[in-house]
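Have a look at the structure below, then the notes.
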Amino acid sequence: MALPTLRILGYIIGLFLITLAVAMLVPVATLFHYHRAHEISPFLWSSLLTLIAGLGMVLPGRPEQVRLRPRDMYMLTVSSWIIVCFFSALPFILARHMSFTDAIFESMSGITATGSTVLSGLDGMSPGILIWRSLLHWLGGIGFIGMAVAILPMLRIGGMRLFQTESSDRSDKVMPRSHMVAKYIVGVYVGITLLGTLALWWAGMGLFDSLNHAMSAISTGGFSTSDQSLAKWHQPAVHWVAVVLMILGSLPFALYVATLRGHRKALYKDHQVRGFLGLLVFTWLVMGTWYAFNSNLSWPDAFRIVAVNVTSVVTTTGFALGDYSLWGHFSIMVFFYLGFIGGCSGSTAGGLKIFRFQVAFILLRSSLYQLIHPRAVLSQRYNGHRLDEEIVRSILTFSFFFGATVAGLGLALTFLGLDWMTALTGAASTVAGVGPGMGPIIGPSGNFAPLPDAAKWLLSFGMLFGRLEILTVLVLFTPAFWRH
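The opening position of the sequence shown corresponds to residue -8 in this note's numbering, with each subsequent residue numbered one higher.
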């Protein structure tokens, strides 16, 4: 890789680190507010070290007339996520005296908006650490939206290419320049976060808890300020506000911008939005009715508890309202399947994404029709766009390697001595970005602290692979990538 290219990659990553250093001052202000000045020093040192590293990359300047090729964008995407993760771990090491492995695991889980954690005793934990965890979710969420809308389509990986091809493309029509689109998306992201904070506060949460949960919900991350997660708050209004925020974080942010710019039916007409909401409502009704019949709860209470947990798993957020793994074998299997689905493309949610299931159904229906009418010429379309061979190949390739990554990671975890349920659900939840797994160790009422360090490193890589859509990382391991 040429020196000018390395300089511009370093320049961009340096800007990310400077932004991260500024973000580390948020816990400082929080601790000042709570009169805990003796806890400020670790965050100040973390901010200073991150700032020095960022300035060291930025000060040499940005090379002129250097264009980043696709292979450079792969390197930028992966390296920036890893470097930011390592510097984000500094507050955990300095403030909580966590081991390097645990700090990286918690940082990777935060910045990838996965929600898996090795921490317990959250109810009495320092507000500086709590706000830092939620802030990592929030920063990672807006970072992934930018990557999904701007970078992954160019690399022919992200699903947003389905929504950027023909005349009905909304994201290109929203603004004439991409940086204006980015500003509007950031504005929407910040606006929903603020409104969500006020709504949770109105519903019965304290203001600090409301801000933390709003940042976690809109980023579909799942870090909470309590070991009980949402079960600490018994007000139904809190639960329903959290459901709305998780759904809002799982919808395409480019369509929010289109709606604000006058395309009033942009969200309503989008196939993946309608499919995603339809799936949620159908699952709420079925699982809510089943849970009401198999518990002592009234139907409205059972429906509410199911709605929170189902939405949390489908959107890959990771909040929990009780331990749904104790509901029986049927619920365990249903929640395991739901964790693979994810939200919409161009959102903060992880998973396979709902549009891939919709496209797979279209392909299945066409194949069955072709068996009956072999000579028929079929036009396969989705969301107003023709499904050409390249898009279909991209979707099938990603889906295969998604499953292969979960299977391989689960096998590696069993080799380390973990039981099959912990290994398989841990692999699936980290790659899909759900957060908690199943079973007594990493289930909704547990955490990942008891796992061996080697397992935490494997799961950390699983989070990175899943968040960056797998192929973005895998391409770096091919010999062709490194050939001049």
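The beta carbon of each residue, even a glycine, is placed where N, CA and C say it ideally should be.
Owing to the predicted nature of the structure, the values given are computational and were not obtained by experimental measurement.
Review point. So residue 309 and residue 441 are in contact, right, with Cβ under 8 Å, and what is the actual spacing, rounded?
Key: Rounded to the nearest angstrom, the Cβ distance from residue 309 to residue 441 is 18 Å, too far for a contact under 8 Å.
Practice item. Taking 8 Å as the threshold, find out whether the region 454 to 462 comes into contact with the region 415 to 423 through three or more Cβ pairs. Key: Touching, yes, given that three or more Cβ pairs across the two stretches are closer than 8 Å.
Exercise for review: Answer yes or no: do residue 403 and residue 449 have a C-beta to C-beta separation smaller than 8 Å?
Suggested key: Yes. Within cutoff.
Review point. In terms of DSSP beta bridges, what is residue 372 paired with?
Key: According to DSSP, residue 372 bridges with 377.
Practice item. From the DSSP output, in three-state form, read off residue 480 for me. Key: The structure shown does not extend to residue 480, since the chain is modelled only from -8 to 475, so the question has no answer here.
**Study point:** Inter-residue spacing [alpha-carbon to alpha-carbon] between residue 165 and residue 249
**Key:** The predicted position of residue 165 is uncertain, since its pLDDT is 42 and thus under 50; no value can be drawn from it.
Exercise for review: Below 6 Å CB to CB, which residues in the same chain sit around residue 439 once its five sequence neighbours on both sides are set aside?
Suggested key: Around residue 439: 107, 109 and 433.
Practice item. Enumerate in chain order the residues of its own chain whose CB-to-CB distance from residue 327 is below 8 Å, with the five nearest sequence positions on each side excluded. Key: Same-chain partners within the cutoff: 416, 419 and 429.
Check your understanding: alpha helix (DSSP H) containing residue 322: first to last residue?
Key -> Here the alpha helix (DSSP H) through residue 322 covers 320 to 329.
**Study point:** N-terminal and C-terminal residue of the alpha helix (DSSP H) that residue 342 is part of
**Key:** Residue 342 -> no alpha helix (DSSP H), and no H or E assigned at all.
Review point. Whole alpha helix (DSSP H) runs in the region 30 to 115 with 4 or more residues, listed along the chain?
Key: Taking only runs of at least 4 residues, the alpha helix (DSSP H) segments lying wholly in the region 30 to 115 are 32 to 49, 61 to 79, 81 to 87 and 91 to 102.
Review point. Can you tell me the Cα-Cα spacing of residue 194 and residue 301, whole angstroms?
Key: If you draw a straight line from the Cα of residue 194 to the Cα of residue 301, it is about 21 Å long.
Point to revise | C-beta contact flag for residue 477 and residue 99 at 8 Å | key: Absent from the model: residue 477. The displayed extent of the chain is -8 to 475, so no value can be given.
Check your understanding: How many Å lie between residue 311 and residue -1 at the Cα?
Key -> About 42 Å.
Practice item. Just mark residue 226 as buried or exposed, buried being the case when its beta carbon has 16 or more other beta carbons within 10 Å. Key: The residue in question, residue 226, is exposed, as its Cβ has fewer than 16 Cβ neighbours within 10 Å.
Check your understanding: Near residue 397, what residues of its chain come up, given a Cβ to Cβ distance below 7 Å and the 5 sequence neighbours on each side ignored?
Key -> Closer than 7 Å at the Cβ level, and outside the excluded window around residue 397, lie 418, 419 and 422.
Practice item. Give me the Cα-Cα distance between residue 94 and residue 474, rounded to the nearest whole angstrom. Key: One alpha carbon belongs to residue 94, the other to residue 474, and they sit about 35 Å apart.
Review point. Quick one, are the C-beta atoms of residue 339 and residue 132 less than 8 Å apart?
Key: The answer is yes: Cβ separation under 8 Å.
Point to revise | Own chain partners of residue 259 with C-beta closer than 8 Å, once the 5 adjacent residues on each side are dropped | key: Hits under 8 Å: 265.
Review point. Can you check whether the CB of residue 232 is closer than 8 Å to the CB of residue 190?
Key: It is a contact, given that the beta carbons lie within the stated cut-off.
Check your understanding: Helix or strand or just coil, what does DSSP make of residue 307?
Key -> Residue 307: coil per DSSP, three-state reduction.
**Study point:** contact_flag[the region 386 to 401, the region 459 to 470] where n(CB pairs < 8 Å) is 3 or more
**Key:** Short answer: they touch.
Point to revise | Close beta carbons around residue 208, own chain, < 7 Å, minus the five adjacent residues each side | key: Around residue 208: 187, 233, 236, 237, 240 and 308.
Point to revise | DSSP-derived helix/strand/coil call for residue 164 | key: Annotation note: pLDDT 45 at residue 164 (below 50); position unreliable, no value reported.
Point to revise | Simplified DSSP assignment, three categories, for residue 442 | key: Three-state result, residue 442: coil.
Review point. DSSP state of residue 469, grouped into three classes?
Key: Correct three-state label for residue 469: coil.
Practice item. Starting from the C-beta of residue 273, find all residues in its chain whose C-beta is less than 8 Å away, skip the five residues before and the five after it, and write them out in chain order. Key: Excluding residues up to 5 positions away in sequence, nothing lies with its Cβ nearer than 8 Å to the Cβ of residue 273 in the same chain.
Check your understanding: alpha helix (DSSP H) containing residue 20: first to last residue?
Key -> 16 to 24 is the span of the alpha helix (DSSP H), which, as asked, contains residue 20.
Point to revise | DSSP-derived helix/strand/coil call for residue 256 | key: Residue 256 falls in the coil class under three-state DSSP.
Practice item. Could you work out which residue in 405, 210, 360 and 368 is closest to residue 488 when comparing CA atoms only? Key: Residue 488 lies beyond the stretch modelled for the chain, which goes from -8 to 475, so this question has no answer here.
Check your understanding: DSSP three-state call for residue 289: helix, strand or coil?
Key -> Assignment of residue 289 by DSSP, reduced to helix, strand and coil, places it in the coil class.
Point to revise | Beta carbon of residue 37 nearer than 8 Å to that of residue -5 | key: For the pair residue 37 and residue -5, the CB atoms are not nearer than the 8 Å cut-off.
Practice item. Go to residue 420, then tell me how far its alpha helix (DSSP H) extends in each direction, as first and last residue. Key: Looking at the DSSP string, the run of the alpha helix (DSSP H) that includes residue 420 is 411 to 423.
Practice item. Can you tell me which of the three DSSP states residue 435 falls into? Key: Three-state result, residue 435: coil.
Exercise for review: Would you kindly work out how many angstroms separate the C-alpha atoms of residue 321 and residue 8, rounded to a whole number?
Suggested key: In this structure, the alpha-carbon of residue 321 lies about 45 Å from that of residue 8.
Practice item. Would you check if there are 3 or more beta carbon pairs closer than 8 Å linking the region 64 to 72 to the region 31 to 45? Key: The region 64 to 72 makes no contact with the region 31 to 45, as fewer than three CB pairs between them are under 8 Å.
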